[in-house]
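Chemist: Right, I'll just put the structure down here and ask away after.
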Amino acid sequence: MHEMRVGPEPGSGRPVWHVVTGQRGTSLCGADVPDGSGPSRDETDHHCLPCMTRFQQLLEAGR
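Residues in the sequence shown are numbered consecutively from 933, following the working numbering.
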């Protein structure tokens, strides 16, 4: 299972949505993403491209 969390984008630091694994609680891109104590959910509609790319690969592999 995966969930979405807002955290800083590697490099720029701007808030983006990351895909986080339920088992390990880490983002698919390896960024350190807080578990709710980070930026507000309303602060961004941007997504972490490396997380989204990896998530798409996982979905395609599961077909």
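Glycine included, each C-beta is placed from N, C-alpha and C at the ideal position. In this text the structure is predicted, and so the values were computed from the model without any measurement.
1. Thinking Gly957 and Met933 are a contact (beta carbons under 8 Å), I'd like their distance in whole angstroms, please.
2. With distances taken between CB atoms, is the gap from Pro940 to Glu975 smaller than 7 Å?
3. Which residue marks the beginning of the beta strand (DSSP E) containing Thr953, and which one marks its end?
4. Can you say whether His978 is buried or exposed, counting buried as having 16 or more other CB atoms within 10 angstroms of its CB?
5. What is the DSSP secondary structure of Arg986, reduced to helix, strand or coil?
Modeler: Here's the rundown:
1. The Cβ separation is near 11 Å, so there is no contact.
2. Taking C-beta atoms as the reference points, Pro940 and Glu975 fail to come closer than 7 Å.
3. Unbroken beta strand (DSSP E) run through Thr953: 947-953.
4. Exposed, since its Cβ has fewer than 16 Cβ neighbours within 10 Å.
5. DSSP, read as helix, strand or coil, puts Arg986 in helix.
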